[in-house]
Amino acid sequence: MGWKPKQIRLAHAAARAADWTDAQRRTVLGGFDGRGRLGKTLSSKAPGLTNADFDHYMALAEADAGGQIFNTPPLHWANQANAPGHRQAHLIRRLVNTLKLAVDASTGQRVVGEHGERLDGIIRQATAGRADALDQLTAYDRHNVIVALKALVQRHGPTTPRERTPPACRDGSSNSTR
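In C-alpha coordinates:
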(Lines of atoms letter the chains of each structure in order from A; the text may use other names.)
(Lines give C-alpha, C1' and ligand atoms only; values in the text may rest on other atoms or scores of the structure.)
Protein backbone atom coordinates (compact mmCIF):
# COMPACT_ATOMS: atom_id res chain seq x y z
CA MET A 0 0.00 0.00 0.00
CA GLY A 1 2.71 2.52 0.95
CA TRP A 2 2.35 5.95 2.47
CA LYS A 3 0.46 8.65 0.62
CA PRO A 4 2.42 11.72 -0.57
CA LYS A 5 1.03 13.83 2.28
CA GLN A 6 2.15 11.22 4.82
CA ILE A 7 5.62 11.21 3.29
CA ARG A 8 5.80 15.02 3.56
CA LEU A 9 4.59 14.87 7.19
CA ALA A 10 7.14 12.16 8.00
CA HIS A 11 9.98 14.27 6.60
CA ALA A 12 8.74 17.37 8.46
CA ALA A 13 8.47 15.33 11.68
CA ALA A 14 12.03 14.06 11.21
CA ARG A 15 13.21 17.67 10.87
CA ALA A 16 11.22 18.66 13.99
CA ALA A 17 12.87 15.79 15.87
CA ASP A 18 16.26 16.92 14.53
CA TRP A 19 16.97 13.48 13.05
CA THR A 20 19.84 12.91 10.67
CA ASP A 21 19.19 10.95 7.49
CA ALA A 22 20.80 7.90 9.09
CA GLN A 23 18.50 8.14 12.14
CA ARG A 24 15.44 8.46 9.92
CA ARG A 25 16.47 5.38 7.94
CA THR A 26 17.11 3.46 11.18
CA VAL A 27 13.52 4.12 12.24
CA LEU A 28 12.25 3.01 8.81
CA GLY A 29 14.33 -0.15 9.16
CA GLY A 30 12.41 -1.10 12.28
CA PHE A 31 9.22 -1.98 10.39
CA ASP A 32 10.07 -5.63 9.62
CA GLY A 33 11.58 -4.78 6.25
CA ARG A 34 8.50 -2.94 5.01
CA GLY A 35 10.53 0.29 4.76
CA ARG A 36 12.84 -1.21 2.17
CA LEU A 37 12.69 0.12 -1.38
CA GLY A 38 15.17 -1.88 -3.40
CA LYS A 39 18.42 -1.80 -1.44
CA THR A 40 17.64 1.35 0.54
CA LEU A 41 15.28 2.27 3.35
CA SER A 42 12.75 4.85 2.20
CA SER A 43 9.48 6.43 3.27
CA LYS A 44 8.31 5.76 -0.31
CA ALA A 45 8.51 1.96 0.14
CA PRO A 46 5.24 0.34 -0.99
CA GLY A 47 5.14 -2.04 1.97
CA LEU A 48 4.73 0.65 4.64
CA THR A 49 1.33 0.74 6.35
CA ASN A 50 -0.72 3.40 8.12
CA ALA A 51 0.19 1.78 11.44
CA ASP A 52 3.87 2.16 10.50
CA PHE A 53 3.23 5.84 9.81
CA ASP A 54 1.62 6.30 13.24
CA HIS A 55 4.59 4.60 14.95
CA TYR A 56 7.10 6.64 12.94
CA MET A 57 5.31 9.86 13.91
CA ALA A 58 5.13 8.76 17.57
CA LEU A 59 8.90 8.22 17.64
CA ALA A 60 9.53 11.60 16.02
CA GLU A 61 7.11 13.22 18.46
CA ALA A 62 8.95 11.69 21.43
CA ASP A 63 12.31 12.97 20.14
CA ALA A 64 10.81 16.41 19.49
CA GLY A 65 9.77 16.81 23.12
CA GLY A 66 6.29 15.25 23.06
CA GLN A 67 4.59 17.49 20.50
CA ILE A 68 5.00 18.18 16.78
CA PHE A 69 3.08 20.51 14.51
CA ASN A 70 -0.23 21.79 15.86
CA THR A 71 -1.31 18.51 17.45
CA PRO A 72 -2.05 18.08 21.15
CA PRO A 73 0.81 16.72 23.28
CA LEU A 74 1.44 13.00 22.68
CA HIS A 75 -1.14 12.91 19.86
CA TRP A 76 0.84 10.47 17.71
CA ALA A 77 1.82 8.29 20.66
CA ASN A 78 -1.82 7.95 21.65
CA GLN A 79 -2.83 7.24 18.06
CA ALA A 80 -0.16 4.58 17.58
CA ASN A 81 -0.97 2.85 20.87
CA ALA A 82 -4.78 3.04 20.83
CA PRO A 83 -6.15 -0.47 20.26
CA GLY A 84 -8.53 -0.59 17.35
CA HIS A 85 -8.46 3.17 16.80
CA ARG A 86 -8.73 2.74 13.03
CA GLN A 87 -11.73 0.45 13.35
CA ALA A 88 -13.39 2.80 15.83
CA HIS A 89 -12.78 5.72 13.46
CA LEU A 90 -14.35 3.77 10.58
CA ILE A 91 -17.37 2.93 12.75
CA ARG A 92 -17.84 6.63 13.61
CA ARG A 93 -17.52 7.59 9.93
CA LEU A 94 -20.11 4.99 8.88
CA VAL A 95 -22.46 6.13 11.65
CA ASN A 96 -22.12 9.73 10.46
CA THR A 97 -23.00 8.58 6.93
CA LEU A 98 -26.03 6.70 8.25
CA LYS A 99 -27.23 9.78 10.17
CA LEU A 100 -28.30 11.09 6.75
CA ALA A 101 -29.79 7.79 5.58
CA VAL A 102 -33.55 7.33 5.65
CA ASP A 103 -35.30 3.96 5.53
CA ALA A 104 -37.52 4.09 2.43
CA SER A 105 -40.22 1.84 3.95
CA THR A 106 -40.67 3.76 7.21
CA GLY A 107 -39.36 7.22 6.36
CA GLN A 108 -37.32 7.21 9.58
CA ARG A 109 -33.59 7.78 9.85
CA VAL A 110 -31.54 4.57 10.03
CA VAL A 111 -29.41 6.04 12.83
CA GLY A 112 -30.67 9.06 14.74
CA GLU A 113 -28.90 12.40 14.74
CA HIS A 114 -27.40 11.63 18.16
CA GLY A 115 -26.56 7.97 17.40
CA GLU A 116 -29.91 6.53 18.46
CA ARG A 117 -30.40 2.92 17.37
CA LEU A 118 -26.64 2.38 17.18
CA ASP A 119 -26.72 0.33 20.39
CA GLY A 120 -29.27 -1.98 18.76
CA ILE A 121 -27.05 -2.39 15.70
CA ILE A 122 -24.10 -3.20 17.98
CA ARG A 123 -26.17 -5.71 20.01
CA GLN A 124 -27.35 -7.43 16.83
CA ALA A 125 -23.87 -7.54 15.24
CA THR A 126 -22.29 -8.95 18.41
CA ALA A 127 -25.08 -11.40 19.26
CA GLY A 128 -25.79 -9.50 22.46
CA ARG A 129 -22.23 -9.52 23.81
CA ALA A 130 -21.98 -5.71 23.74
CA ASP A 131 -24.21 -2.69 23.39
CA ALA A 132 -21.71 0.20 23.28
CA LEU A 133 -18.64 1.03 21.18
CA ASP A 134 -16.24 0.96 24.13
CA GLN A 135 -17.23 -2.64 24.95
CA LEU A 136 -16.25 -4.07 21.56
CA THR A 137 -13.39 -6.47 20.97
CA ALA A 138 -11.51 -6.38 17.65
CA TYR A 139 -13.70 -9.23 16.37
CA ASP A 140 -16.86 -7.38 17.46
CA ARG A 141 -15.65 -4.12 15.85
CA HIS A 142 -15.19 -6.03 12.60
CA ASN A 143 -18.75 -7.43 12.81
CA VAL A 144 -20.18 -3.96 13.54
CA ILE A 145 -18.26 -2.51 10.56
CA VAL A 146 -19.67 -5.23 8.28
CA ALA A 147 -23.21 -4.53 9.54
CA LEU A 148 -22.83 -0.76 9.15
CA LYS A 149 -21.37 -1.12 5.64
CA ALA A 150 -24.36 -3.27 4.68
CA LEU A 151 -26.71 -0.58 6.01
CA VAL A 152 -24.86 2.15 4.13
CA GLN A 153 -25.03 0.09 0.94
CA ARG A 154 -28.73 -0.62 1.47
CA HIS A 155 -29.88 2.85 2.47
CA GLY A 156 -27.13 5.16 1.28
CA PRO A 157 -26.62 8.66 2.61
CA THR A 158 -29.79 10.13 1.15
CA THR A 159 -32.00 12.69 2.80
CA PRO A 160 -35.82 12.54 2.45
CA ARG A 161 -35.93 15.11 -0.36
CA GLU A 162 -33.21 13.26 -2.32
CA ARG A 163 -35.09 9.95 -2.32
CA THR A 164 -36.54 8.69 -5.55
CA PRO A 165 -40.37 8.81 -5.51
CA PRO A 166 -41.97 5.33 -5.29
CA ALA A 167 -43.41 5.67 -8.81
CA CYS A 168 -39.89 5.93 -10.27
CA ARG A 169 -38.37 2.92 -8.55
CA ASP A 170 -39.58 0.53 -11.23
CA GLY A 171 -37.42 2.29 -13.81
CA SER A 172 -40.14 4.41 -15.40
CA SER A 173 -39.57 8.10 -15.73
CA ASN A 174 -41.59 10.72 -13.91
CA SER A 175 -39.92 13.44 -15.95
CA THR A 176 -41.98 15.99 -17.88
CA ARG A 177 -39.07 17.01 -20.14
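Residue 14 in numbering that gives the first Met the number 0 is what sits at position 15 of the sequence shown, and the numbering runs on without skipping anything.
The beta carbon of each residue, even a glycine, is placed where N, CA and C say it ideally should be.
Distance from the Cα of residue 92 is smallest, within the candidate group 142, 50 and 45, for 142. Residue 71 sits away from residue 152, with the two beta carbons spaced by 7 Å or more. Between the beta-carbon of residue 77 and that of residue 68 there is about 11 Å, and that puts the pair past the 8 Å contact cut.
Just so you know, the alpha carbons of residue 55 and residue 80 end up roughly 5 Å apart.
The beta carbons of residue 41 and residue 33 sit no closer together than 7 Å.
Annotation note: the stretch 47-110 contains the following uninterrupted alpha helix (DSSP H) runs of length 4 or greater, listed N- to C-terminal: 50-63, 75-81 and 85-98.
Going by DSSP, residue 26 is part of the alpha helix (DSSP H) stretching over 21-28. For residue 123, the three-state secondary structure derived from DSSP is helix. In the DSSP assignment, residue 9 falls within the unbroken alpha helix (DSSP H) covering 4-16.
Here the C-alpha atom of residue 27 lies approximately 34 Å from the C-alpha atom of residue 133. Measuring C-alpha to C-alpha distances from residue 43 to each of 8, 74 and 90 identifies 8 as the nearest.
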